[in-house]
Structure formats: C-alpha cells, structure tokens
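To keep things clear, I will list the structure first and then write my remarks on it.
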Amino acid sequence: MSSTAVVQLQQREVFERNVTRSLLAGAGAGAVAWLTTRLQVPVPLSFLAIAAMGLACVRGDKLDRLMLMGASVLLPALPWLFGLTQGWTVALAGAVAGAIVVKSRLSEYGEEGSVGASRPGIGHYVATAGATAGLSVAGLKVAEILSSRMHDAATPMLLNAAVSGTIIALFAGLGSLASHIALKADPVEARGDEVLPLLDGEFADQLNKAMGVYRQCGKQLASLPREAAREELARTVGKLTKDAIDLAAEWAGVESQLHDDAHRDLEKEIAELTESARKARDAVAKKQLEIAASSLKEELERLGEMKLKRERVLAKLKSQVALLERARVALIGMRSSHATVRAAEMSAVARKLNALATAQADEAKLAHAVATNAEIAAIETHKADAATATQVSAAKEQVAAPVEPEPQQAVVPVTDLSATDVVPVPDKLKVN
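Position 61 (the sequence shown) corresponds to 54 in the numbering used here; numbering is contiguous.
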C-alpha cells in the first residue's frame, strides 16, 4: 500500500505570533543599540536583534521563562568571545537562538502535557538551528545594505538602527518555520494511526471513537493554563488511550477470521467428512475420515472460545472509551472554574480515572482468569470422560469376545468298593 507524504504547517498561529513579536523586539533592539552607541559603550546590533528575537518567543511557566530568558541573552553572546569572523559569529548566535525557540515551544505546552498535538523532535532542533543561522546572516547583509542607503538619504540614526534591527530579527524569526514543518507526531496518535489500518469491524469503530475523543481532550487541555494538575490529567488521558490502542492491537487481523462464514464453513466441512466416513467401505479410510472430522470439531470449539474472548476484550475496550468520554466531559466543565478549583478538579479527575482504569483492568483479569480456569476444568473433564469411555468400551469388547473352553483333565474311574467282586483275604492273614 503506497502513501503520499504531505508537508503541513503545524500550529501556524504560534509561528505568526513569534514572527510578529520578533519584529517589535527587533525594533526595540535597534533602539538599544543606538542608545549604547550614544553612551560610548557600543553593543553589536546583530547580537541585540537575535537576543531580542529569542526573548520574544520565550514561553512556559515562571521558572521556564526565567531560565529561557537568561539563555536567550547569554548563549547568543558566546560566539563574540571566540574571535571568529562576523559571518560565523552571527550564524552561531542565530543557531543558538533557533534551538531556544524550539525549547520555548515545548515549554509552553509541556513535553508530556501535549495531548493530540504535534511535538518537535531532535531533528527539528537541528533544522531550526540551521535555518536560523543562515537567515540571520542573510538578514545582517540585507540590513547593512538598507542601512547604507538610509544613511545616504540622511535618515535619523535612531530610525536607521530600529529598521536594521527589525530586519535582522525578522529573518531570524522566519528561521523558526523549520520547527513547524513535518513535526514528530504525538506518540499516542502515531500508534493509533499504525494500528487502525490493521483493524476492522467493531474494534476499528471503537478505536476511531477513542482517537476522536483523545483529540478533543487535547484541545480542551490546550486551552487550560499549564500546571502540574493539567499535566497529570494529560498523562492519564494519554495512558487510557494507549491502553485502548494496545488492547485493540492484540486483535489485529483476528477479527476478520471470526466472522459467521468461518463457523458455517467449518460445520459444512465436518458434515461432509462425517457423511463420507459413514459411506466409506474401507475400514482404514473410514477411520481417517472420522479423525479428520474430530479434528475439525476441536477447531470449531476453539473458534467458539475465541468469540467469547473477543466479547471480553471488546467490552473492556468500550469501557476504556467510556472513561475517555468521562474525561472529556470533565474538561469541558473545568473551563469555567476558578484556577485553584480547576487545579483541584483536574487532580481529582486524574486520580479517579486512574482508579477506575485500574479497577476495570483488575476485574477483567479476574474474570478472564476465572473463565480460563473454567475452560481448563471443562477440557480436563472432557478428557477424563473420554478416557473413561475408552476404558468402558475396551471392557465391553473383552466381555463380548468368545471364551475358549479350558482343557479338561482325564478322569480316572474309581472302583466301587461295595461291588461284589472283592478279592477274598486269605485265612492266614486274618488276625485273631
């Protein structure tokens, strides 16, 4: 199956916001550069414009903003300490600022707090740093040319510096476009897109529903302020969705084999083999046909067991989707709550969803274990009954077999002592 790759611009509003703020920051950087020149402590305009662009893109919570603001000012200044040429110095400063912009995007939503949204990866750090480095050098050259023309036109130095700083910051800000193209997908959504083509029937329908609810939860979470409770709830929603995907993935390719036609086909084959065995004249052929029919009957029983297990897994998948729906409804109600109450509600919902998911998983495991033990007991009982039937059949065959007469010993006739022909005893042998 072939697929066409599509390059998309993700989170366009974030990119437009960063570029717009970079323009204003660049103008401010030009004014600061003009002021430092008047105070006889000149600071390179290119450094101020690149640092201002990084500061304009800083996002995240209070601690993240403080750390990123410090990095945006200090790290781009390091290349000026190496004594490199102007081009390489500006390129390295731009590369550092580009990496800071990508980190700011991750800090805005949280690396684990993004649900149903795209996230920059390592490749985007490299691409953004390279793009920002090249465009910063290009912006510097354009600013130098334009500054020279404005100087010839006797433009005030403050305006000249502000325009030059705006141009450098604009070009550097455009380099952040690389972090918005071909982003690394949400790992949960990527896993769902991988499993969905392998499913059909009710499993595909339920997984589609789960992914839709997951994306809706992501939109609701994105509208809430970043805090620990939100990230906890985001991780819970992601875990519930991933568990649902893994559950459906276990039946990938099996659903199509459990349709009603397969059951009917097996029954038809069994009937044909049984009829052939009944009509067979040869004893060996009849025995082979009976064995084949018996084997198919076992497969038919296994097919029935698989259908029962399918019902259990499908019921568990539906319960996972119901929990996701519950989270979505809870998120809708949180948008109108106070910040403190909202954080408490998110923590409570996250804990409750975790508890329900754990309870459902334990119940499903227990029910599956009980059902499995019952199946094993039934199989053992069936085997014992079969062995007993075999023994009884063997005993009947022994009883029905003809008994050979035992050889009789020769009977010696006994002389009747009361007969008349008794030998007389001589008189001499008589005892007085």
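Where is the CB? At the ideal position from N, CA and C, for every residue including glycine.
- Across the structure, V51 and M60 are spaced so that their CA atoms are roughly 10 Å apart.
- By alpha-carbon distance to L233, the top candidate from K309, L293 and A136 is K309.
- Exclusion of the five residues before and after V12 leaves G166 as the residues of its chain whose Cβ lies within less than 6 Å of its Cβ.
- The Cβ-Cβ distance between F40 and W73 falls below 8 Å.
- Within the model, the alpha-carbon separation for D57 versus S100 is close to 7 Å.
- If you draw a 10 Å sphere on the C-beta of Q199, you find 16 or more other C-beta atoms in it, and that means buried.
- Per the coordinates, the alpha-carbon of V94 lies some 6 Å from the alpha-carbon of G47.
- G168 is positioned such that its CB atom lies closer than 8 Å to that of L128.
- In the structure shown, the three-state DSSP call for A147 is coil.
- If you compare the alpha carbons of R31, A286, A348 and R223 with that of M150, the shortest gap goes to R31.
- The DSSP-derived three-state label of P37 is coil.
- Judged by beta-carbon spacing, Q313 lies within the 8 Å limit of A203, meaning their Cβ atoms are closer than that value.
- For V34, the number of other beta carbons within 10 angstroms of its own is below 16, and it is reported as exposed.
- In this structure, DSSP gives T78 a state outside helix and strand, which the three-state scheme calls coil.
- Residue burial annotation: G211 is buried, with at least 16 other C-beta atoms found within 10 angstroms of its C-beta.
- Close CB contacts of K235 within its chain, under the 7 Å cut and outside five residues either way in sequence, are with V181 and R184 (chain order).
- The C-beta distance from T121 to S157 rounds to 23 Å, too long to meet the 8 Å contact threshold.
- CA-to-CA, the gap between E304 and P113 works out to about 39 Å.
- S269 and A242 have their C-alpha atoms some 41 Å from each other.
- For the set A154, A45 and R5, the Cα lying nearest the Cα of W27 is the one of A154.
- Looking at the backbone, the Cα of A22 and that of A49 are separated by about 11 Å.
- DSSP places S312 within a helical segment (H, G or I) once states are collapsed to three.
- Counting other Cβ atoms within 10 Å of its Cβ, K55 stays below 16 and is therefore classed as exposed.
- V130 places its beta carbon 8 Å or farther from that of A70.
- The residue among T78, A124 and F75 with its C-alpha nearest the C-alpha of A88 is A124.
- Counted as a single uninterrupted DSSP element, the alpha helix (DSSP H) harbouring E195 occupies residues G194 to A215.
- In this structure, L316 is the residue among L316, E260 and I325 with its C-alpha nearest to the C-alpha of A348.
- Pairing A323 with T159 gives a Cβ-Cβ distance that is not under 8 Å.
- Scanning E195, N201, L38 and T148 for the CA closest to the CA of L133 turns up L38.
- In terms of Cα proximity to I115, the closest of V25, A92 and E292 is A92.
- Nearest to K311 by C-alpha distance, out of A278, I238 and E298, is I238.
- Secondary structure note for R274: it is in no alpha helix (DSSP H), with a DSSP letter that is neither H nor E.
- About 48 Å separates the beta carbons of L16 and L191, which is beyond the 8 Å limit, so they are not a contact pair.
- Within the same chain, and ignoring the five residues on either side of E195 in sequence, the residues whose Cβ sits closer than 7 Å to its Cβ are L307.
- As the crow flies, the alpha-carbon of F75 is around 48 Å from that of R208.
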